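Q: The listed protein sequences correspond, in order, to chains B and Z. Per UniProt numbering, the very first residue in the first sequence carries number 1; after that it's consecutive. Per UniProt numbering, the very first residue in the second sequence carries number 1; after that it's consecutive. C-beta: ideal position from N, C-alpha, C; glycine also. In this text the structure is predicted, and so the values were computed from the model without any measurement.
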Amino acid sequence: MFASKRLGKELTKLQDKLPPGITLVKADDFRDWLMDIQVMDENPIYKGETYRLKFTFSQSYPIEAPEVVFVRDETHPIPIHPHIYSNGIICLDLLDRQGWSPVHNVESVCVSLQSMLTSNTKNERPPGDEAFVRSNTQRPRDINFVFHDNSV
Amino acid sequence: MPPAGNEFAAEQLKSQGNAHFKNGDYDQAETLYSQAIQKNSKNPLLFTNRANARLKLEKWEGVINDCLASIELMTENMKAYFYLAQAQLAINHPNEALSSALRAYDLCVNSSQQTSNAATISALVTRCKKAKWDIRERERIRRRKGLLPELESLLEIAYKKDVDDLEARLEAGEIGRVEATEEKQQLHTEFEQKRDDLRTAFALSDPEHLEIREVPDYLIDGITFEVMTDPVVTKNGRSYERATIIEHLKRSATDPLTREPLTINELRPNIALKEACTEFMEKNKGWVYDCEDGEEDTVPRWAHLSCGRRDYETS
């Protein structure tokens, strides 16, 4: 019930000012938004690329976490990262039901993902990526990730 | 006490009434609740149920009588105060409506099953305050004399005439109730829009009376991004709007910022901040109610013009 009001306010802010490397691509309604992120430093894994994120909000946002995935098209690859599956699903505690907090917002999620990429040095997918991508039919929010590693 | 058997009969009638209510047949529901009340006039729930049906039928006086009867039988009566406030608001008695709504809110947040209703009631409280402010603002403009009040009263006359026409058509059976309600809503929105545009135009020609449209961050709830009306403070000293933090705690009993364990019982009212919020709302007029924004906006009274986003709010 709060979702549309709160998103309206976030949108006004996003249209006004955003941190470097984060752009608002599309927000025509209060259901799905597209955001682009770029890594701003010299990290060779991500340099020169732009990645596209899709946010999907429920009626209970921000009490409930938004669903956030990377989407692929001709100009936007899925970033290589040990916590990002090649179908765009992201394993990040703050997007998980337990890890989410309603004080987060679209901008802070983008910033977190940006820094998750910036600080990564491993040019690899999560273990079991192929099997996961092949077999996964669940929506990201229903997956119970085990956060075995807090160093990345 | 009603004779034995009557209580049972009343219960039967009430269930039938509830079934009709669920199906949207409010007329029939009202009739059945009335029959139930004849069998047992000591059950406060029968009165609140009928009040709710009458609310749907826009029989405001009936709602008010039922609510008062129900409160007489049971004083701690959140539902009755909640319906009462809506009816009082509908007949344009925002002062009474506000005190009823606040009473409902108090009962709600102090009840043991804290509060799936808190957010709804809190929204009603805001609507009452807005109505109160509207009346005050209109009076203020009236007193100022000149062209603006004259134009405003012309708009109002035209609006009232449209509403009367509509009601005549409803009376004559030319249109249905649902359609009439929708059209009335529409007329009201249009009227408010025109009036606000008019006020904006006058405000722009009178820069001395422009106010700075800026809500300080410390009055804003970090979850809804709106000005708080009933702030509560957590262990780490952060404040949130009561209704929204409770929604969060029902799902996850943690502090939103630190993720430390936090329960509803550990929340404390932040009285000083509440007073600051109230004072800010009192001083800053209608635009805060219409579209509370967390940030500065360059031209103050353009506020209502940029509020088109209201269209999206379907929930």
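Residues in its own chain within less than 6 Å of R310 (chain Z) by CB, not counting five upstream and five downstream?
A: Counting from one through the second sequence, the residue named residue 310 (chain Z) turns up at place 310. For R310 (chain Z), the pLDDT reaches just 31, beneath the cut-off of 50, and the residue's location in the model is therefore unreliable, although a value from the coordinates is still provided. Same-chain partners within the cutoff: there are none.
Q: State yes or no: is the C-beta of R139 (chain B) within less than 8 Å of the C-beta of E42 (chain B)?
A: Translated into positions along the first sequence, residue 139 (chain B) becomes position 139. Translated into positions along the first sequence, residue 42 (chain B) becomes position 42. Against a cut-off of 8 Å, the Cβ pair of E42 (chain B) and R139 (chain B) comes out as no contact.
Q: So, does the segment 57 to 67 of chain B touch the segment 2 to 9 of chain B, judging by three or more C-beta pairs under 8 Å?
A: Touching, yes.
Q: Measuring CA to CA, which of Z:E266, Z:L68 and Z:D134 is closest to D196 (chain Z)?
A: Taking the second sequence and counting its residues from 1, the one referred to as residue 196 (chain Z) is at position 196. Here the closest residue by C-alpha is Z:D134.
Q: Please classify K129 (chain Z): is it buried, with 16 or more other beta-carbons within 10 angstroms of its beta-carbon, or exposed?
A: The count along the second sequence starts at 1 and reaches residue 129 (chain Z) at position 129. K129 (chain Z) comes out buried.
Q: Step through the CB atoms of chain B and report whether any lies within less than 8 Å of the CB of G237 (chain Z).
A: Numbered from 1 along the second sequence, position 237 holds the residue referred to as residue 237 (chain Z). No, no contact with chain B.
Q: Alpha carbon to alpha carbon, how far is Y85 (chain B) from residue 203 (chain B)? Give it in angstroms, no decimals.
A: Chain B is shown only over 1 to 152; residue 203 (chain B) falls outside these bounds and no answer can be derived.
Q: Measure the Cβ-Cβ separation of N110 (chain Z) and Y83 (chain Z) and say whether it is below 8 Å.
A: On the second sequence, residue 110 (chain Z) is found 110 positions in, with the first residue counted as 1. On the second sequence, residue 83 (chain Z) is found 83 positions in, with the first residue counted as 1. Cβ distance not < 8 Å, so N110 (chain Z) and Y83 (chain Z) don't count as in contact.
Q: P256 (chain Z) and H248 (chain Z) - do their beta-carbons sit closer together than 8 Å?
A: Within the second sequence, residue 248 (chain Z) is the residue found at index 248, counting from 1. Within the second sequence, residue 256 (chain Z) is the residue found at index 256, counting from 1. Yes, they are a contact pair.
Q: Tell me, to the nearest whole angstrom, how far the beta carbon of L46 (chain Z) is from that of E76 (chain Z); I am working on the premise that it is less than 8 Å.
A: Locating residue 46 (chain Z) in the second sequence gives position 46, counting from the first residue. Locating residue 76 (chain Z) in the second sequence gives position 76, counting from the first residue. That pair is no contact at about 17 Å.
Q: Within its chain, find whatever has a CB closer than 8 Å to the CB of D230 (chain Z); leave out the 5 residues flanking it on each side and keep chain order.
A: Translated into the one-based positions of the second sequence, residue 230 (chain Z) becomes position 230. Answer for D230 (chain Z): Y105, V109, S122, E241, R242, A243, P269 and K274, listed in chain order.
Q: Measuring only between beta-carbons, confirm whether T200 (chain Z) sits less than 8 Å from chain B.
A: Position 200 of the second sequence holds residue 200 (chain Z). For T200 (chain Z), the answer is no, since every Cβ of chain B falls outside 8 Å of its Cβ.
Q: Should F70 (chain B) and I80 (chain B) be called a contact, given that it needs their Cβ atoms to be closer than 8 Å?
A: The residue given as residue 70 (chain B) occupies position 70 in the first sequence. The residue given as residue 80 (chain B) occupies position 80 in the first sequence. No, Cβ-Cβ distance for F70 (chain B) and I80 (chain B) is not below 8 Å.
Q: Name the chain B residues whose beta carbon is nearer than 7 Å to that of E247 (chain Z)?
A: Your numbering for residue 247 (chain Z) matches position 247 in the second sequence. Near E247 (chain Z) (Cβ distances below 7 Å), the residues of chain B are I63.
Q: Candidates Z:E96, Z:V163, Z:N117 and Z:Y159: which alpha carbon is nearest K132 (chain Z)'s?
A: Against the second sequence, residue 132 (chain Z) aligns to sequence position 132. Residue Z:E96 is the option with its Cα nearest to K132 (chain Z).
Q: Below 8 Å on the Cβ atoms is my guess for I45 (chain B) versus N120 (chain B); work out the distance and round it to an integer in Å.
A: Stepping through the first sequence from its first residue, residue 45 (chain B) is reached at position 45. Stepping through the first sequence from its first residue, residue 120 (chain B) is reached at position 120. Contact flag correct, Cβ pair sits at about 7 Å.
Q: Going along the chain, which residues of the segment 246 to 274 of chain Z sit with their C-beta nearer than 8 Å to a C-beta in chain B?
A: The residues in question are E247, H248, R251, S252, T254, P256, L257 and R259.
Q: So the beta strand (DSSP E) R52 (chain B) belongs to, where does it begin and stop?
A: Residue mapping note: residue 52 (chain B) aligns to position 52 of the first sequence, counting from 1. Here the beta strand (DSSP E) through R52 (chain B) covers Y51 to T56.
Q: Tell me which residues of the segment 47 to 68 of chain Z have at least one Cβ-Cβ distance to chain B shorter than 8 Å, keeping chain order.
A: Answer set for the segment 47 to 68 of chain Z: empty.
Q: Run through the segment 82 to 163 of chain Z for me and flag every whole alpha helix (DSSP H) of 4 or more residues, listed as ranges in chain order.
A: The qualifying runs are 94 to 110 and 118 to 144.
Q: State yes or no: is the beta carbon of F2 (chain B) nearer than 8 Å to at least one beta carbon in chain Z?
A: Residue 2 (chain B) sits at position 2 when you count from the first residue of the first sequence. So, interface residue.
Q: Along chain B, in chain order, which residues have C-beta atoms closer than 8 Å to that of I223 (chain Z)?
A: Position 223 of the second sequence holds residue 223 (chain Z). Here the neighbours are F2, R6, P62, I63, P102 and V103.
Q: Please confirm if K9 (chain B) has its CB atom under 8 Å from at least one CB of chain Z.
A: In the first sequence, counting from the first residue as 1, residue 9 (chain B) sits at position 9. Closer than 8 Å: yes.
Q: So, is the C-beta of T244 (chain Z) closer than 8 Å to a C-beta in chain B?
A: The count along the second sequence starts at 1 and reaches residue 244 (chain Z) at position 244. Cβ-Cβ to chain B under 8 Å: yes for T244 (chain Z).
Q: Distance check for C67 (chain Z) and E7 (chain Z), CA to CA, integer angstroms please.
A: Working through the second sequence from its first residue, we reach residue 7 (chain Z) at position 7. Working through the second sequence from its first residue, we reach residue 67 (chain Z) at position 67. Whole-angstrom Cα-Cα distance: 20 Å.
Q: Please tell me whether L124 (chain Z) and A85 (chain Z) are closer than 8 Å, where the distance is taken between their beta carbons.
A: Numbered from its first residue, the second sequence carries residue 124 (chain Z) at position 124. Numbered from its first residue, the second sequence carries residue 85 (chain Z) at position 85. In contact: L124 (chain Z) and A85 (chain Z) (Cβ atoms closer than 8 Å).
Q: Thinking L94 (chain B) and H104 (chain B) are a contact (beta carbons under 8 Å), I'd like their distance in whole angstroms, please.
A: Position 94 of the first sequence, counted from the start, is the residue given in the question as residue 94 (chain B). Position 104 of the first sequence, counted from the start, is the residue given in the question as residue 104 (chain B). With 8 Å as the limit, L94 (chain B) and H104 (chain B) qualify as a contact, their Cβ atoms being about 6 Å apart.
Q: Which residue wins for smallest C-alpha separation from S117 (chain B), given the options B:N87, B:T137 and B:T50?
A: Residue numbering aside, residue 117 (chain B) sits at position 117 when the first sequence is read from its first letter. Strictly speaking, residue 117 (chain B) in this sequence is Leu, with Ser absent from that position. For L117 (chain B), the nearest C-alpha among the options comes from B:T50.
Q: Please state whether DSSP places F202 (chain Z) in a helix, a strand or coil.
A: As a first step, residue 202 (chain Z) is located in the second sequence; it is residue number 202 there, counting from the start. F202 (chain Z) falls in the helix class under three-state DSSP.
Q: At which residue ranges does the UniProt domain "UBC core" (2 to 152) of chain B contain complete alpha helix (DSSP H) runs of 4 or more residues, listed in the order of the chain?
A: Taking only runs of at least 4 residues, the alpha helix (DSSP H) segments lying wholly in the UniProt domain "UBC core" (2 to 152) of chain B are 3 to 16, 106 to 118 and 129 to 135.
Q: Please list, in chain order, all residues of the same chain as N40 (chain Z) whose beta carbon is under 6 Å from its beta carbon, the five residues on each side excluded.
A: By 1-based counting over the second sequence, the position of residue 40 (chain Z) is 40. These residues qualify, in order along the chain: P2, N6, E7 and A10.
Q: Tell me which residue opens and which closes the beta strand (DSSP E) that V63 (chain Z) is part of.
A: Here residue 63 (chain Z) is taken as the residue at index 63 of the second sequence, counted from 1. From DSSP, V63 (chain Z) is part of no beta strand (DSSP E) but of the alpha helix (DSSP H) over W60 to L73.
Q: Measure the Cβ-Cβ separation of residue 153 (chain B) and M35 (chain B) and say whether it is below 8 Å.
A: This structure gives no information on residue 153 (chain B), because the portion of chain B shown stretches from 1 to 152.
Q: Under a Cβ-count criterion, where at least 16 other Cβ atoms within 10 Å of its own Cβ denotes burial, should Y33 (chain Z) be classed as buried or exposed?
A: For the purposes of this step, residue 33 (chain Z) is identified with residue 33 of the second sequence, where counting begins at 1. Classification of Y33 (chain Z): buried, given that the 10 Å Cβ count is 16 or more.
Q: What's the C-alpha gap between E152 (chain Z) and H188 (chain Z)?
A: As a working note, residue 152 (chain Z) is residue 152 in the second sequence. As a working note, residue 188 (chain Z) is residue 188 in the second sequence. Whole-angstrom Cα-Cα distance: 14 Å.
Q: If I'm right that S232 (chain Z) touches L267 (chain Z) with Cβ under 8 Å, what's the distance once you round it to whole angstroms?
A: In the second sequence, residue 232 (chain Z) corresponds to position 232, counting from 1. In the second sequence, residue 267 (chain Z) corresponds to position 267, counting from 1. A small fix is needed here, since residue 232 (chain Z) is Val in this sequence, not Ser. Contact flag correct, Cβ pair sits at about 4 Å.
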